[in-house]
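All remarks here apply to the structure that follows.
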Amino acid sequence: MPDSLRDSVSTMASPSARVENSARDFLASLNTEQRVAAEHGLGAGHAYHGPLLIIAGAGSGKTNTLAHRVAHLVLNGVDPQRILLLTFSRRAAADMERRATHLVHRALGAASRQSPGALQWAGTFHSVGARLLRENAASIGLAESFSILDRGDAEDLIAIVRNELEVDVTKRRFPAKGTCLAIYSRVVNSEAALTEVLEEAYPWCVPWEAELKRLFSSYVGAKQAQNLLDYDDLLLYWAHMVAEPSLARRIGERFDHVLVDEYQDTNRLQASILRALKPDGTGLTVVGDDAQSIYSFRAATVRNILDFPAQFAPPARVVTLDRNYRSTQPILDASNAVIDLARERFTKNLWTERVSSAKPRLVLVRDEIDQARCVAERVLARREQGMALKSQAVLFRSSSHSAKLEIELARRDIPFVKYGGLRFLEASHVKDVLSVVRWADNPRNRMAGFRAAGLVPGVGAATASKLLDLLEASPGALAVLDAIKVAPAAVRDWKMFRELFATLRAASVDWPAELDAVTRWYEPHLQRLYDDAAVRQRDLVQLREIASTYRSRERFLTDLSLDSPDATSAEAGAAGKDDDYLILSTIHSAKGQEWKAVDILNVVDGCIPSDMATGTMDEVEEERRLLYVAMTRARDELSLLVPQRFYVHQQSTYGDRHVYASRTRFIPDALLDRFESVVWPLAVCEDDTAANSPLTSPPVDVAACVRRTWD
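The following block contains the structure:
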């Protein structure tokens, strides 16, 4: 096996004693529990090779532990090409691979001159699924040249199919295309019936069940006719593939070890795939934290991690990582207390050697305007004390919660970047360029073809549709492009587009020079189509930089569709203008991140938990986990803002009015000793004693004082 991690081990450290000593040295940096996890099933005294569940608390060094386990496997003779590492982002897979490679080099020492190769099977569930489907396409009746729809294109295809079905939407509201795709995705990933999904998550769509079934059936037919797979199909087809025992055995046997990161974020479909690959759990390692399971809206289920040990006989081994390397002990004490009230969980109590006398702050403010002022003042005060803006974050349950704060930050000239908005691939100019590449890659891709052809001036919807119909009936794409009749004014531009298409189809230039050719062709159209072309041009430069990291067009299109960057240049705003900027983020987008100081907005019932997520106990428990995730992002300072009232607009019964809020139910009176209770500003109360008294639930004296000031 040329240029592999195993070659490096076998040639440089063939004596088993040397490998054992090297492993012992490089594992010395791990704490006791981390080392147990890394060594599981390997070496003397490790006879049990069954499944392993690593419960990794927030900030407990999960990534480091998993990287050490991968390196330890390689040092003990496991072929890196027989290790499957599944993550939830391409970045995480690359980071894990980089760390493991570094650890192997370090363990082998300076004598190792051979460069260990990459883990061949490290990636997201969806990217690995795409590779396996292409490899096994002939065995499952799938064309190897399938294209992958991103979410935006999938929504557009749903809309086209819906229009073709001529559903009568005049009698009552029919779900929008995004909602239709979300319902379809939920059905696929949760392995639940459409009836169940509609009743639990989309009750207002229940009357449309029959029409939705027709729509989804036609949607699947349209994808298959055009040789397309959407994001969810990559898991669905993979699951159906390994449901065939012979294929499951063949694919499962090619991997000695399967390691899964962030297992609490998996859905039922992903869990089914893993059980098919490793029915008895041998060689299966999953890492996660049930307390950070917050993605049920993506069909993730906390049951996967809670039920994992009992799915095997004997049960999976459970190793708990509870030493935290991120936060101070007072922050952990408060976070532990919040999650300790959860209805069901793996028991753990995070601890650290980072002592501090500063408790997290519960900050009572009058309303959202004062909340914004309070946060802005604290941000600037920390900056004056030497804490960079980038080291501070403001987190919130819903994107709209930061609206007043954004206005206040702009007023005070505090630059910021907000996460949780438009994704890179959803920007129209990026979709324009990629549609040309995707169409050349798969001429049967109607979505890409319709968009690409429409970029040529003078080519309208009718011409584009006729062109695509002809392409479906003819295998000769270039002949069809030559034969199609366009308006006289469009002949010159169409000829240039045809030449570009021919170049891409012939693959006469190497990747990423193909993308360069597309962006050169597209530049005058960018100037024609968008007023802010200069800003959008930066995104195309970024796209070129991303493309340069890939060796082929196919891998680029696959990975970019599955794991795109978060923001466009137009959104980046402060990031393009200032070296330092404050981070604003939804809690969901903040998972996996950390900052020196964190402020959490609207820690009141109705916001955390959201009043839209309290219909069932499962929903309430996930909201509790959301607050826990937000609190454990803080390293040194944590503030939870508690507005006492909100101004509600356009209430049909009562009109515009103030409504009073209560502190979140997740911090009952019994937990108040874990926090420092603060009123901001102190001047709102004439009675300083009342202003500085501990918060109670409901906050009787302080709330009355606030109301007297503003009633």
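Numbering (this note's numbering), first residue to last: 15 to 725. Cβ atoms here follow ideal geometry from the backbone N, Cα and C, with glycine treated the same way. Just so you know, these numbers come straight off a predicted model, no measurement behind them.
Asked, Found
"Which same chain residues end up closer than 7 Å to T296 when comparing Cβ atoms and leaving out the 5 residues on each side of it in sequence?", "H63, G64"
"So what does DSSP say about D650, is it helix, strand or coil?", "strand"
"Pull up the CB-CB distance for H429 and L596, whole angstroms please, since I reckon it's below 8 Å.", "The sequence given here places Pro at residue 429; His does not occur at that position. About 7 Å separates the two Cβ atoms, so the contact holds."
"Could you check which residue in D530, L66, R392 has the C-alpha nearest to that of S653?", "R392"
"On a Cα-Cα basis, can you pick out the residue from D483, E651, F660, R679 that is closest to E690?", "E651"
"Taking just the CA atoms, how far does S307 sit from R639?", "7 Å"
"Beta-carbon within less than 7 Å of E635's beta-carbon, same chain only, minus the 5 sequence neighbours each way: which residues are those?", "A356, R357"
"Enumerate in chain order the residues of its own chain whose CB-to-CB distance from R512 is below 6 Å, with the five nearest sequence positions on each side excluded.", "L495"
"Find the nearest neighbour of K76 within the set E47, D170, Q95, judged by alpha-carbon distance.", "E47"
"Alpha carbon to alpha carbon, what distance is there between W135 and A144?", "12 Å"
"Mind checking who T600 pairs with in its DSSP beta bridge?", "F410"
"For P221, write down the residues that DSSP places opposite it in a beta bridge.", "Note: P221 sits in no beta bridge, so no partner."
"Are there 16 or more other CB atoms within 10 angstroms of the CB of L492, so buried, or fewer, so exposed?", "exposed"
"Near L298, what residues of its chain come up, given a Cβ to Cβ distance below 6 Å and the 5 sequence neighbours on each side ignored?", "P65, V272, K292"
"Would you please state the rounded distance, in angstroms, between the beta carbons of F410 and T600? I believe it to be under 8 Å.", "6 Å"
"Buried or exposed: where does R460 fall if 16 or more other Cβ atoms within 10 Å of its Cβ makes it buried?", "buried"
"Rounded to the nearest angstrom, what separates H443 and L44 at their Cα positions?", "47 Å"
"Mind checking H254: buried by the 16 CB within 10 Å criterion, or exposed?", "exposed"
"In chain order, which continuous runs of the beta strand (DSSP E) of length 3 or greater are located wholly inside the region 365-438?", "375-379, 406-410, 430-433"
"Would you decide whether Q278 is buried or exposed? Buried here means 16 or more other CB atoms lie within 10 Å of its CB.", "buried"
"I'd like the span of the alpha helix (DSSP H) that includes A108, first residue to last.", "104-122"
"Using only the alpha-carbon positions, how far apart do A462 and P489 sit?", "17 Å"
"Should R445 and R426 be called a contact, given that it needs their Cβ atoms to be closer than 8 Å?", "Note on identity: in this sequence residue 445 is Lys, with Arg being the wrong assignment. Not closer than 8 Å, so no."
"Less than 8 Å between the beta carbons of V202 and E213, yes or no?", "no"
"Assess contact between the region 534-542 and the region 445-458, defined as three or more Cβ pairs (one per stretch) separated by less than 8 Å. Is contact present?", "yes"
"Between which two residues does the alpha helix (DSSP H) carrying T280 extend?", "T280 -> no alpha helix (DSSP H), and no H or E assigned at all."
"Which residues mark the beginning and the end of the alpha helix (DSSP H) in which G302 is found?", "It is not in any alpha helix (DSSP H) - G302 instead sits in the beta strand (DSSP E) that spans 298-302."
"Pull up the distance between the alpha-carbon of C388 and that of S414, whole angstroms please.", "18 Å"
"Is it right to say D294 is buried, meaning 16 or more other beta carbons lie within 10 angstroms of its own, or is it exposed?", "exposed"
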